[in-house]
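Undergrad: Residue numbers (the numbering used here), protein chains in the order written: chain A, 1 to 381; chain B, 1001 to 1264; chain C, 2001 to 2389.
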Amino acid sequence: MRTPLAWLNLLHERTRLLVAIAGVAFAVLLIFMNLGFLGALSLTATQIYDQMNAEIFLRSPQTLEISTTEPFPIERLYQVAGVEGVDQVMPVYVGYQQWRNPETRLSRAMFVYGINPRDPVFRLPELQTSEAIAALQRPNTVLIDQLSRPEFGPQTIGLETESDRRRVEIGGQFTLGGGFASDGTLIVGDQNFLRLFTPRTLNRIDIGLIKLQPGTNIEAVAKTLRGMLPQDVEVLTQEEIIGRDRDFWIGTTSTGFIFSMGVVVSFIVGTVIVYQILYTDISEHMPEYATLKAMGYRSRYLFQVVLQEAVILAVMGYVPGLILSLGLYELTTNATNGGLPMAMNLGRLVFVLLLTVTMCAVSGLISVRKVITADPAEVFS
Amino acid sequence: MEANGAKPVTQNGSVAIADNPDLAVQIRHLNYYFGQGELRKQALFDISLDFPRGQIAIITGPSGSGKTTFLSLIGALRTLHEGSLKVMGRELVGMNNSQLVGVRRGIGFIFQAHNLFESLTACQNVEMAVELTGSGSKRAQAIAVLEQLGLGQRVDYKPNSLSGGQKQRVAIARALVNQPQLILADEPTAALDKQSGRDVVNLMQQLAREQKCTILMVTHDNRILDVADRIINLVDGRLESDTSMTEFVTTHDPKNLDPRMFML
Amino acid sequence: MSLLKRTPLAWLNLTHDRRRLLTSLGGVAFAVLLMFMFNGFKNALYDSQVQLLQLLNADIIITNTQKYNMFVPEPFARRRLYQARAFEGVEDAYPLYINTANWKNAETKATRPVRVLAFNPQDPVLRLPEVQTQLAKLQAPETVLIDLKSRPELGPITAGVETELGDRHVRVVGNYSLGTDFASGNGNLIMSDQNYLRYFAQVDPEDEERDLSTVDVGLVKIAENADPERIAAILSENLPKDVKVITQEGFVQQELTYWQENTNIGFVFSLLTTMAFIVGIILVYQILYTDVSDHWAEYATLKAMGYRNFFLLGVVLQEATILSILGFIPGFCISVLLYNATANATGLLMQMTTDRALSTLVATFIMCLISGAIAVRKVQATDPAEVFG
Ligand SMILES: Nc1ncnc2c1ncn2[C@@H]1O[C@H](COP(=O)(O)OP(=O)(O)OP(=O)(O)O)[C@@H](O)[C@H]1O
Ligand SMILES: [Mg+2]
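Rendered as structure tokens:
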């Protein structure tokens, strides 16, 4: 076996190696955090669709995301009901109401879903109970999201307060989470929705949910529907509707740009750190490298040594960086009370690893020029 | 074997000796150990020596015999616990670090490597020493010493553009500029060619005579033994011999060490 | 001996190897850039929420009690403004109407909701000279001024463009520059109160009808040297409890507080800024550590000559300080460029204020000092006895 010169060179100066690893680890951490925040924000913006019990969604082409919907005729949903493979269609109405905190008497905007009490619109088991269904059917009764912000006040069942100056009673609770569009969420039966949102009618709906029979080809049905329905509605699979909402939020809040920029700058900083380490290492071992050249080693060998050092640094920095990131992901999720659900995924792991190796390789390539141009005569200086 | 007979050592390990103002360095029963506990290893054994002011002494001995250790002790670079070591009348044994720093300022050091700051010019490197005790114009003082050492044309050069001998002369200038009463040199000529080595030693000798300072020099270089008033030989941390120059020549093989050879 | 007369060892050591100096400064500059970027994003997200509010030409703001942020569409009765005018110290009070309508992109015909700001062109509602000079144009029916910084999805928006707003014809008669915020994600239109009636008085039965009898934001101007806090308190005391009266500053602060408390913007970017700070410490430490280990023998020689640890500590800390200042300058310059590029690319309100620049300079300085303090331990540990041999 060849003498592992790259490894030995790095290992020789312990402190410097540790600092180098710390530098790479922090660059990796920064990249992970930026990607994590971006991921968490997109997830928050769209996780509502994971809770909706449908494979295909109908909405107006003018709708940008769930809270700025443009209603469309309910007939579109009836048209779909007969299509082969469709199991059930469910209308959903949405809107904002001013919910009065009964304790502070201050109002705050609550996001309201209106559904047919018997439709399994949400995958939440607490909404399928007979008590929940009964509550949805009772006049002036609402179900409240336990994840609504504390500013909305107590959520005790039986509590009475006002929503847009109409008296309502809390008839039950569920756990959903509001996402970007809302701080608090209510679910009401369609009749109650009508009352709360006069002068709206039930003939114009905001979102149409289409539940397919198990085993049905989703794409094929979506295609059929697109061909069949007029232009005033859009047919979106779950993946598509999530993509739309995500792109909208990431675009309007500039978060996509911000965190991509964060990744780019972190990458550059990581490159600078690794470059400095390699450059210093090379300058210090210049006489030795020159000696190797004088002995007849080719530039290619020295080139490899530096690149190996770069890759070793990348891997040794990546691991602690990843561990730190996992810790900070957890910490962030807890510190924001689930407001930023930071989750690691395999794609990101691989992407950042590649990025780290690239980062180190780039620095290696810049710093290696010094060795390549090493003059064997320098041994004598 | 020991050069001097054993003398009583006091409880705390230090030995009381009378002051003698004519002595630059007074050493009694000096022991020195490296490491602690299991790894403790004695490097110097019961050394007792006196160096009068103005003397040039050369310390020789095989590699690992403790020469460098000996110099570093006299140079107040290590804390001492046993025996007695007085430099310019100040007892080093038992001194703390901060007191040692004060002693060092009166000593000129010359190392095998020149240890010059690459970023400073010859003059600035010398000025770093003047600044320690400094009074008067530091640049003028630095230039004066550099001129004495034949570097008048090179004062504003950086070490990069100086030859090995020139660099060592700058290092010597740095050691001499504060006119120390004691100069410690560890193989100052080892990195130099024959002629440069000779020049450097001659300069040291000349400056020592002019400024009446004591020089202790470690060297393996037989060609420069002639500058010494006295030659001390260390073997395995013990004082093997302590002879005047003439004695040294007669007791050693004349074929190897012809005094005329030193006069080259 | 004065410090100034000393050989500037720190400076000379740092500047000796030009290439290394450049890399070091590059490192510090990038750490500075990172801090500026993350801080800048945070500030931009907050600042843009209140830029419109800051431009309101008022000393005191009256809103519906329920309106805790600009999202809340609760208006209040215009009578309250007339009542307010009667109080001593109040010079004038005028209404601003706010509503949302769908704007049709003239090219793609796709619609996007935009925020409409309407007021009487006689009232100096906005402290935007661009708008003030164009108010006369708004007298014509179905005319609007539109923000140049609106999102590109709105399509062509230059003067002369004709399209539809809320299914009704509209003509752009001029532009101004403001920017978007979370409550008006796509852009802001300005129109006269008379035109506002045209667009919002007879809307389809599902939407709420609006006329000029209810106001979204009431702007109160007070006498030259009157105290806004005091008058706001008096108004608040005496007007019915369906309105909230606060100073303009308080209004801006209320909006900011809402966003600070209801979003994770602060958390996210403070965390990222802290991490940038730590990366900076590592970078500078590495630079100083390398310097110290490269000059190890020289530093040890200085110690042998009689220099104290304190002196060497000074040298390293000076190097740290020099690095922080020299690295800050390019970092700052690149950040300013990047702020501009970001503002152009996203419409984010990236503002470099003296305060922010100074606080980042201080952070950079502290960052370098911390690294210096860690690196200095290595100098202190150098044993002068080891230079021998
Ligand atoms: N820092 C140290 N720690 C432990 N042992 C040491 C240390 N420095 C020197 N020694 C040991 O002390 C003994 C004397 O070393 P010293 O360096 O004084 O020898 P020297 O006579 O100067 O040799 P050379 O001629 O090779 O320079 C050696 O055995 C050496 O291994
Ligand atoms: Mg030695």
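Cβ coordinates follow ideal geometry from the N, Cα and C atoms, glycine included.
Please read these numbers as outputs of a predicted model, since none were measured by experiment.
Counting only beta-carbon atoms, is L2302 (chain C) nearer than 8 angstroms to chain B?
TA: Numbered from 1 along the third sequence, position 302 holds the residue referred to as residue 2302 (chain C). Closer than 8 angstroms to some Cβ of chain B, the Cβ of L2302 (chain C) qualifies, so yes.
Undergrad: Confirm the yes/no value for this check: CB of F2267 (chain C), any heavy atom of ligand 1, distance under 7 angstroms.
TA: The sequence position of residue 2267 (chain C) within the third sequence is 267, counting from 1. Checking every heavy atom of ligand 1 against the Cβ of F2267 (chain C), none is found closer than 7 angstroms.
Undergrad: What residues in its chain sit with their C-beta under 7 angstroms from that of F2251 (chain C), if we drop five residues either side in the sequence?
TA: What you label residue 2251 (chain C) is simply residue 251 of the third sequence in a count that begins at 1. Excluding residues within five positions, the ones whose Cβ falls inside 7 angstroms are L2053, I2061.
Undergrad: Does the CB of G95 (chain A) have a neighbour CB from chain C at under 8 angstroms?
TA: As a first step, residue 95 (chain A) is located in the first sequence; it is residue number 95 there, counting from the start. No, because no Cβ of chain C sits closer than 8 angstroms to the Cβ of G95 (chain A).
Undergrad: What runs of the beta strand (DSSP E), each 3 residues or longer, lie entirely inside the stretch 1024-1074 of chain B?
TA: 1041-1052, 1056-1060
Undergrad: Would you mind stating whether I312 (chain A) and L18 (chain A) have Cβ atoms separated by less than 8 angstroms?
TA: What you label residue 312 (chain A) is simply residue 312 of the first sequence in a count that begins at 1. What you label residue 18 (chain A) is simply residue 18 of the first sequence in a count that begins at 1. No, the pair does not count as a contact, with Cβ atoms beyond the cut-off.
Undergrad: Find the nearest neighbour of F2041 (chain C) within the set C:G2027, C:M2352, C:I2278, judged by alpha-carbon distance.
TA: Translated into positions along the third sequence, residue 2041 (chain C) becomes position 41. Taking only the C-alpha atoms, the option nearest F2041 (chain C) is C:M2352.
Undergrad: Helix or strand or just coil, what does DSSP make of Y2013 (chain C)?
TA: Taking the first residue of the third sequence as position 1, residue 2013 (chain C) is located at position 13. Reading off the sequence, residue 2013 (chain C) comes out as Asn, not Tyr. It is helical.
Undergrad: Against chain A, does Q2351 (chain C) count as a neighbour if the rule is that its beta carbon must be under 8 angstroms from one of theirs?
TA: Stepping through the third sequence from its first residue, residue 2351 (chain C) is reached at position 351. Output row for Q2351 (chain C): interface = no.
Undergrad: Using a threshold of 7 angstroms, is the CB atom of V1034 (chain B) nearer than that to any non-hydrogen atom of ligand 1?
TA: Numbered from 1 along the second sequence, position 34 holds the residue referred to as residue 1034 (chain B). The sequence given here places Phe at residue 1034 (chain B); Val does not occur at that position. At least one heavy atom of ligand 1 is nearer than 7 angstroms to the Cβ of F1034 (chain B), so yes.
Undergrad: Three or more beta-carbon pairs under 8 angstroms between the stretch 46-55 of chain A and the stretch 351-371 of chain A, yes or no?
TA: No, they do not touch.
Undergrad: Given a cut-off of 8 angstroms, decide if S363 (chain A) and T280 (chain A) are closer than it, judged by their beta-carbon atoms.
TA: Numbered from 1 along the first sequence, position 280 holds the residue referred to as residue 280 (chain A). Numbered from 1 along the first sequence, position 363 holds the residue referred to as residue 363 (chain A). Between T280 (chain A) and S363 (chain A), the CB-CB gap reaches or exceeds 8 angstroms.
Undergrad: Is the beta carbon of D1186 (chain B) within less than 7 angstroms of some heavy atom of ligand 2?
TA: In the second sequence, residue 1186 (chain B) corresponds to position 186, counting from 1. It does: the Cβ of D1186 (chain B) is within 7 angstroms (strictly closer) of some heavy atom of ligand 2.
Undergrad: So, are the CB atoms of S325 (chain A) and F32 (chain A) less than 8 angstroms apart?
TA: For the purposes of this step, residue 325 (chain A) is identified with residue 325 of the first sequence, where counting begins at 1. For the purposes of this step, residue 32 (chain A) is identified with residue 32 of the first sequence, where counting begins at 1. Yes.
Undergrad: Step through the CB atoms of chain C and report whether any lies within less than 8 angstroms of the CB of R167 (chain A).
TA: Residue mapping note: residue 167 (chain A) aligns to position 167 of the first sequence, counting from 1. No, its Cβ sits nowhere closer than 8 angstroms to a Cβ of chain C.
Undergrad: Flag K1067 (chain B) as yes when its Cβ comes closer than 7 angstroms to any non-hydrogen atom of ligand 2, and as no otherwise.
TA: The sequence position of residue 1067 (chain B) within the second sequence is 67, counting from 1. Indeed, a heavy atom of ligand 2 lies less than 7 angstroms from the Cβ.
Undergrad: Determine the chain C residues that contact V1101 (chain B) at a beta-carbon separation under 7 angstroms, and present them in chain order.
TA: Working through the second sequence from its first residue, we reach residue 1101 (chain B) at position 101. G2306, R2308, listed in chain order.
Undergrad: Between C:Q2380, C:I2282, C:G2185, C:D2291, which has its C-alpha nearest F26 (chain A)'s C-alpha?
TA: For the purposes of this step, residue 26 (chain A) is identified with residue 26 of the first sequence, where counting begins at 1. When only C-alpha atoms are compared, the closest one is C:I2282.
Undergrad: Please list the terminal residues of the continuous beta strand (DSSP E) segment that includes D87 (chain A).
TA: For this step, residue 87 (chain A) is matched to residue 87 along the first sequence. It spans 86-100 - the beta strand (DSSP E) in which D87 (chain A) sits, taken as one unbroken run.
Undergrad: Please name the residues in the stretch 100-122 of chain A whose beta-carbon is closer than 8 angstroms to at least one beta-carbon of chain C, in chain order.
TA: L106, S107, R108, A109
Undergrad: Report the residue from C:L2348, C:L2358, C:A2320 whose alpha carbon sits nearest the alpha carbon of V2028 (chain C).
TA: The residue you call residue 2028 (chain C) lines up with position 28 of the third sequence. Nearest of C:L2348, C:L2358, C:A2320 to V2028 (chain C), Cα basis: C:A2320.
Undergrad: Taking 7 angstroms as the cut-off, is the beta-carbon of A1228 (chain B) closer than that to any non-hydrogen atom of ligand 1?
TA: What you label residue 1228 (chain B) is simply residue 228 of the second sequence in a count that begins at 1. No - ligand 1 has no heavy atom lying nearer than 7 angstroms to the Cβ of A1228 (chain B).
Undergrad: Is the Cβ-Cβ distance between M342 (chain A) and G82 (chain A) less than 8 angstroms?
TA: In the first sequence, residue 342 (chain A) corresponds to position 342, counting from 1. In the first sequence, residue 82 (chain A) corresponds to position 82, counting from 1. Taking 8 angstroms as the Cβ cut-off, M342 (chain A) and G82 (chain A) do not qualify as a contacting pair.
Undergrad: Taking the alpha-carbon positions, what's the N2102 (chain C) to Y2199 (chain C) distance?
TA: Residue numbering aside, residue 2102 (chain C) sits at position 102 when the third sequence is read from its first letter. Residue numbering aside, residue 2199 (chain C) sits at position 199 when the third sequence is read from its first letter. Looking at the two C-alpha atoms, the distance is approximately 11 angstroms.
Undergrad: Going by other Cβ atoms of all chains shown within 10 Å of its Cβ, with 16 needed for buried, is G338 (chain A) buried or exposed?
TA: For the purposes of this step, residue 338 (chain A) is taken as residue 338 along the first sequence, with counting starting at 1. With fewer than 16 Cβ atoms within 10 Å of its Cβ, G338 (chain A) is classed as exposed.
Undergrad: What residue does the beta strand (DSSP E) around G2174 (chain C) start on, and which one ends it?
TA: Your numbering for residue 2174 (chain C) matches position 174 in the third sequence. Start and end: 2168-2176.
Undergrad: Can you name, in chain order, every residue of its own chain whose Cβ lies under 7 angstroms from the Cβ of S1065 (chain B), other than the five neighbours on each side?
TA: Within the second sequence, residue 1065 (chain B) is the residue found at index 65, counting from 1. For S1065 (chain B), where only same-chain residues beyond five positions count, the Cβ hits under 7 angstroms are L1234, V1235, D1236, G1237.
Undergrad: Decide if the stretch 2139-2152 of chain C is in contact with the stretch 2178-2197 of chain C; the criterion is three or more beta carbon pairs, one per stretch, under 8 angstroms apart.
TA: yes
Undergrad: Determine, using beta carbons only, whether V2292 (chain C) comes closer than 8 angstroms to chain B.
TA: Position 292 of the third sequence, counted from the start, is the residue given in the question as residue 2292 (chain C). Not one chain B Cβ lies under 8 angstroms of V2292 (chain C).
Undergrad: Can you list, in chain order, the residues of its chain with a C-beta nearer than 6 angstroms to that of P2121 (chain C)? Leave out the 5 residues immediately preceding and following it.
TA: In the third sequence, the residue the question calls residue 2121 (chain C) occupies position 121. Within the same chain, P2121 (chain C) has close Cβ partners L2135, L2138, S2192.
Undergrad: So, is the C-beta of V92 (chain A) closer than 8 angstroms to a C-beta in chain C?
TA: Locating residue 92 (chain A) in the first sequence gives position 92, where the first residue counts as 1. It does not; no Cβ of chain C falls within 8 angstroms.
Undergrad: Could you tell me whether the Cβ of Y318 (chain A) comes closer than 8 angstroms to any Cβ of chain C?
TA: For the purposes of this step, residue 318 (chain A) is taken as residue 318 along the first sequence, with counting starting at 1. Not one chain C Cβ lies under 8 angstroms of Y318 (chain A).
Undergrad: Using a Cβ-based criterion (distance less than 7 angstroms to any ligand heavy atom), does G1037 (chain B) qualify as near ligand 1?
TA: As a first step, residue 1037 (chain B) must be located in the second sequence, where it is residue number 37. For ligand 1, not one heavy atom lies less than 7 angstroms from the Cβ of G1037 (chain B).
Undergrad: Which residues mark the beginning and the end of the alpha helix (DSSP H) in which L10 (chain A) is found?
TA: Walking along the first sequence from the start, residue 10 (chain A) turns up at place 10. Start and end: 5-12.
Undergrad: From M1001 (chain B) to I1231 (chain B), what distance separates their C-alpha atoms?
TA: The residue given as residue 1001 (chain B) occupies position 1 in the second sequence. The residue given as residue 1231 (chain B) occupies position 231 in the second sequence. With a pLDDT of 37 at M1001 (chain B), under the threshold of 50, the modelled position of this residue cannot be trusted, and the question is left open.
Undergrad: In its own chain, which residues sit with a C-beta less than 7 angstroms from the C-beta of R2127 (chain C), not counting the 5 before and 5 after it?
TA: Counting from 1 along the third sequence, the entry for residue 2127 (chain C) is found at position 127. Only L2055, N2057 meet the Cβ criterion.
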